[in-house]
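Each remark here refers to the structure printed beneath this line.
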Amino acid sequence: SSLFVYPTKIIIKTCGTTQLLKSIRPLIQLACTMGLMICSCRYTRGNFIFPKAQPYPHTSFKEEIIFLENNLPNNLYYRKASVLPSKLSSHSWHVFSACDESHILMQNMPDELYTIEVCMTELDRVLAGKFFRRPNDGKNGDSAGMEMTEITGIGDINPDALICDFAFDPCGYSMNSILGDRYSTIHVTPEDGFSYASFECVGSIYDDPNDIVEVLKKAVQVFRPGTVSVSTTYTDHEVWKCVAKAIEPLGMKFRSCTMDEFPATGSVVFQTFTTRRK
Amino acid sequence: MAVSGFEGFEKRLELHFFGDDPVIGNMGLRLLDFESLEKVLHAVQCTVVSAVGNHYFDSYVLSE
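Below is the structure:
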């Protein structure tokens, strides 16, 4: 799981049975003590593998929306929730977005940054095995994480970035990478039967499109997953077209693409890919 | 699929704020003390296991 704190922006991403939405009210209150008012909110997730294990308010998307509606202030008047489906019944993308009047007016001034969220399942068993700690390895979470970053090739995804990594015991891995005002993050649950890895990064519409293609290629190659879903969030660009250019050369077949628009957030494009053998 | 196991799929929340105080404007939420952040994370059921920051933002790797 990861937390990113910018001067006027917070991003928090958590897995397992964490109750993420319970952070909304205390974060708004803390920001208020700094003289800051909330002006937009975006909540996203894929389909849980074990939905029945999720505690309130994550018991269903409907419950999550009700919780969000009840815990956001009234100035975030423009609200929308939607589920973007795919051809794979186990993969859909849940999005809730809310913003105030000023953000609606700013929609005519596109944000240069876009966000790409990649979810990967059915990881290659050999590659997933690299995210298990060796018994009595004499390492702590930081040093074991550093070793995993190196041997898996994660460190090569963006060699210029500063990486903060951690290996969990007996398995699992998280890393945040930072470079200038951009972040990327990887989280891995390697256990066979419910293996999962995510990659998320931020890009700019002014970047060379080949850069994001190469980054996505490198990130997916670390895991060689059976299924990949990619959500691209942007306000004024067609960066989502780069996604297939990155994923398909890795032997994966494009399965579906859905799109929707949200207040403040802009457009969200959800694409899925599976290995050709499926 | 296994009957039960660790849920990998994440929930992601992004909040944006605004303020008029130019002093706060430079650092803003980054001025929040670590103890306050930990209290929020406690409500979520996470803790910080590693951290790094630069001129622009702070990044924390969390448990779970």
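Residue numbers (this note's numbering), protein chains in the order written: chain A, 1 to 278; chain B, 1 to 64.
Ideal placement from N, C-alpha and C gives every residue a C-beta, glycine not left out.
For LYS241(A), count neighbouring C-beta atoms within 10 Å of its own C-beta (all shown protein chains included) and say buried if the count is 16 or more, exposed if not.
What you label residue 241(A) is simply residue 241 of the first sequence in a count that begins at 1. Exposed is the call here.
Would you kindly report the start and end of the unbroken alpha helix (DSSP H) that includes ASN176(A)?
By one-based count along the first sequence, residue 176(A) stands at place 176. Here ASN176(A) belongs to no alpha helix (DSSP H); instead the beta strand (DSSP E) covers 173-179.
Let me know if VAL49(B) comes out buried or exposed under the rule of 16 or more other beta-carbons within 10 Å of its beta-carbon.
Against the second sequence, residue 49(B) aligns to sequence position 49. Counting Cβ neighbours within 10 Å, VAL49(B) comes out buried, since at least 16 surround it.
If you count every other CB in all the chains shown that lies within 10 Å of the CB of TYR77(A), and 16 or more means buried, which is it?
Counting from 1 along the first sequence, the entry for residue 77(A) is found at position 77. The residue in question, TYR77(A), is exposed, as its Cβ has fewer than 16 Cβ neighbours within 10 Å.
Within the chosen definition, does the region 37-54 of chain B reach the region 20-36 of chain A through at least 3 CB pairs nearer than 8 Å?
yes
Under a Cβ-count criterion, where at least 16 other Cβ atoms within 10 Å of its own Cβ denotes burial, should CYS15(A) be classed as buried or exposed?
Start at 1 with the first residue of the first sequence, and residue 15(A) comes out as number 15. The residue is buried, with at least 16 neighbouring Cβ atoms inside 10 Å.
Does the beta carbon of ASP207(A) come closer than 9 Å to any beta carbon on chain B?
In the first sequence, counting from the first residue as 1, residue 207(A) sits at position 207. Output row for ASP207(A): interface = no.
PRO225(A): buried (16+ other C-beta within 10 angstroms of its C-beta) or exposed?
One-based indexing of the first sequence puts residue 225(A) at position 225. That one is buried.
In the structure shown, what three-state DSSP assignment does CYS15(A) receive?
The residue labelled residue 15(A) in the question sits at position 15 within the first sequence. Coil.
What number of angstroms, rounded off, separates the C-alpha of THR121(A) from the C-alpha of LYS139(A)?
What you label residue 121(A) is simply residue 121 of the first sequence in a count that begins at 1. What you label residue 139(A) is simply residue 139 of the first sequence in a count that begins at 1. Near 28 Å, if we compare the C-alpha coordinates of LYS139(A) and THR121(A).
Cβ of VAL5(A) less than 9 Å from any chain B Cβ?
On the first sequence, residue 5(A) is found 5 positions in, with the first residue counted as 1. Closer than 9 Å: yes.
Can the beta-carbon of LEU179(A) be found less than 9 Å from the beta-carbon of VAL44(B)?
Taking the first sequence and counting its residues from 1, one reaches residue 179(A) at position 179. Taking the second sequence and counting its residues from 1, one reaches residue 44(B) at position 44. Using a Cβ distance threshold of 9 Å, LEU179(A) and VAL44(B) do not count as a contacting pair.
Under 9 Å between C-beta atoms, does VAL228(A) make it to chain B?
Taking the first residue of the first sequence as 1, we reach residue 228(A) at position 228. Taking Cβ atoms only, chain B never reaches closer than 9 Å to VAL228(A), which makes this a no.
The region 37-48 of chain B: which residues have C-beta closer than 8 Å to a C-beta of chain A, in chain order?
LEU37, LYS39, VAL40, LEU41, ALA43, VAL44, GLN45, CYS46 and VAL48
Apart from the five residues just before and just after TYR23(A), which ones in its own chain have a Cβ nearer than 7 Å to its Cβ?
Position 23 of the first sequence holds residue 23(A). Residue identity check: residue 23(A) is Ser in the sequence provided, not Tyr. Correct list, in chain order: ILE12.
Can you tell me where the alpha helix (DSSP H) with MET146(A) in it begins and where it stops?
Here residue 146(A) is taken as the residue at index 146 of the first sequence, counted from 1. From DSSP, the alpha helix (DSSP H) with MET146(A) extends over 141-152.
Going by alpha carbons, who is nearest to PHE11(B) out of SER204(A), PHE223(A), THR258(A) and SER198(A)?
Reading the second sequence from its first residue, position 11 is the one you call residue 11(B). Per the sequence presented here, residue 11(B) reads as Lys, with Phe not at that position. Among SER204(A), PHE223(A), THR258(A) and SER198(A), the Cα nearest to that of LYS11(B) is on SER198(A).
Output the boundary residues of the alpha helix (DSSP H) element that contains ALA167(A).
Taking the first residue of the first sequence as 1, we reach residue 167(A) at position 167. No alpha helix (DSSP H) contains ALA167(A), which is instead part of the beta strand (DSSP E) from 162-167.
So which residues of chain A does GLU121(B) contact, with C-beta pairs closer than 9 Å?
Outside the shown range of chain B, which is 1 to 64, sits residue 121(B), and nothing can be said about it.
What is the rounded straight-line gap between the Cα of ARG276(A) and the Cα of LYS253(A)?
Counting from 1 along the first sequence, the entry for residue 276(A) is found at position 276. Counting from 1 along the first sequence, the entry for residue 253(A) is found at position 253. Roughly 6 Å between the two C-alpha positions.
Run the CB neighbour count on ILE151(A), radius 10 Å, all protein chains shown included, and call it buried at 16 or more, exposed below.
The sequence position of residue 151(A) within the first sequence is 151, counting from 1. Around the C-beta of ILE151(A), fewer than 16 other C-beta atoms lie within 10 Å, and the residue is accordingly described as exposed.
Could you give the C-beta distance for LEU29(B) and VAL213(A), rounded to a whole number, given that I count them as a contact under 8 Å?
The count along the second sequence starts at 1 and reaches residue 29(B) at position 29. The count along the first sequence starts at 1 and reaches residue 213(A) at position 213. Going by Cβ atoms, the distance from LEU29(B) to VAL213(A) rounds to 33 Å, so no, they are not a contact pair.
Using only CA atoms, which one of GLU238(A), LEU72(A), PRO7(A) and LYS87(A) lies nearest to PHE57(B)?
Residue numbering aside, residue 57(B) sits at position 57 when the second sequence is read from its first letter. Answer by Cα proximity: PRO7(A).
What does ALA4(A) pair with, by DSSP beta-bridge criteria?
As a position in the first sequence, residue 4(A) is number 4, starting the count at 1. Note that residue 4(A) is Phe in the sequence shown, not Ala. Within the DSSP bridge table, the entry for PHE4(A) names ILE11(A) and SER59(B) as partners.
Where does the unbroken alpha helix (DSSP H) through GLN221(A) begin, and where does it stop?
As a first step, residue 221(A) is located in the first sequence; it is residue number 221 there, counting from the start. 209-221 is the span of the alpha helix (DSSP H), which, as asked, contains GLN221(A).
Can you tell me whether DSSP reads CYS46(B) as helix, strand or coil?
For this step, residue 46(B) is matched to residue 46 along the second sequence. In the structure shown, CYS46(B) sits in coil (DSSP, three-state: anything other than H, G, I, E or B).
Helix, strand or coil for ALA128(A)? Go by DSSP, reduced to three states.
Residue mapping note: residue 128(A) aligns to position 128 of the first sequence, counting from 1. Note: ALA128(A) maps to helix in three-state DSSP.
Under 9 Å, CB to CB, which of the residues in the region 135-166 of chain A have a partner in chain B?
Going along the region 135-166 of chain A in chain order, one finds GLY141, ASP142, GLY145, LEU162, ILE163, CYS164, ASP165 and PHE166 with a Cβ nearer than 9 Å to chain B.
Leaving aside the five residues before and after ARG125(A) along the sequence, list all residues of the same chain whose C-beta is less than 7 Å from its C-beta, in chain order.
Taking the first sequence and counting its residues from 1, the one referred to as residue 125(A) is at position 125. Annotation for ARG125(A): ASP192 place their beta carbon closer than 7 Å to its own, counting only its chain and skipping 5 residues before and after.
Rounded to the nearest angstrom, what separates CYS164(A) and HIS55(B) at their Cα positions?
Here residue 164(A) corresponds to residue number 164 of the first sequence, with the count starting at 1. Here residue 55(B) corresponds to residue number 55 of the second sequence, with the count starting at 1. Each residue's Cα considered, the two are about 16 Å apart.
Taking only the alpha-carbon atoms, compute the straight-line gap between SER59(B) and CYS41(A) and give it to the nearest angstrom.
As a first step, residue 59(B) is located in the second sequence; it is residue number 59 there, counting from the start. As a first step, residue 41(A) is located in the first sequence; it is residue number 41 there, counting from the start. Looking at the two C-alpha atoms, the distance is approximately 19 Å.
With a cut-off of 9 Å, does the C-beta of GLU238(A) fall near any C-beta of chain B?
On the first sequence, position 238 is the one that residue 238(A) refers to. Not an interface residue.
Rounded to a whole number of angstroms, what is the C-alpha to C-alpha distance between THR227(A) and GLU248(A)?
As a position in the first sequence, residue 227(A) is number 227, starting the count at 1. As a position in the first sequence, residue 248(A) is number 248, starting the count at 1. When rounded, the distance between both Cα atoms is 12 Å.
Let's see if you can read the secondary structure: which residues bound the alpha helix (DSSP H) around VAL243(A)?
For this step, residue 243(A) is matched to residue 243 along the first sequence. Taken as a continuous stretch (DSSP letters only), the alpha helix (DSSP H) holding VAL243(A) covers 241-247.
Per DSSP, what are the beta-bridge partners of LEU13(B) in this structure?
Sequence index remark: in the second sequence, residue 13(B) carries index 13 (1-based). LEU13(B) pairs with ILE12(A) and TYR43(A).
I need the boundaries of the beta strand (DSSP E) containing ALA98(A), first residue and last residue.
The count along the first sequence starts at 1 and reaches residue 98(A) at position 98. DSSP places ALA98(A) in the uninterrupted beta strand (DSSP E) bounded by 93-99.
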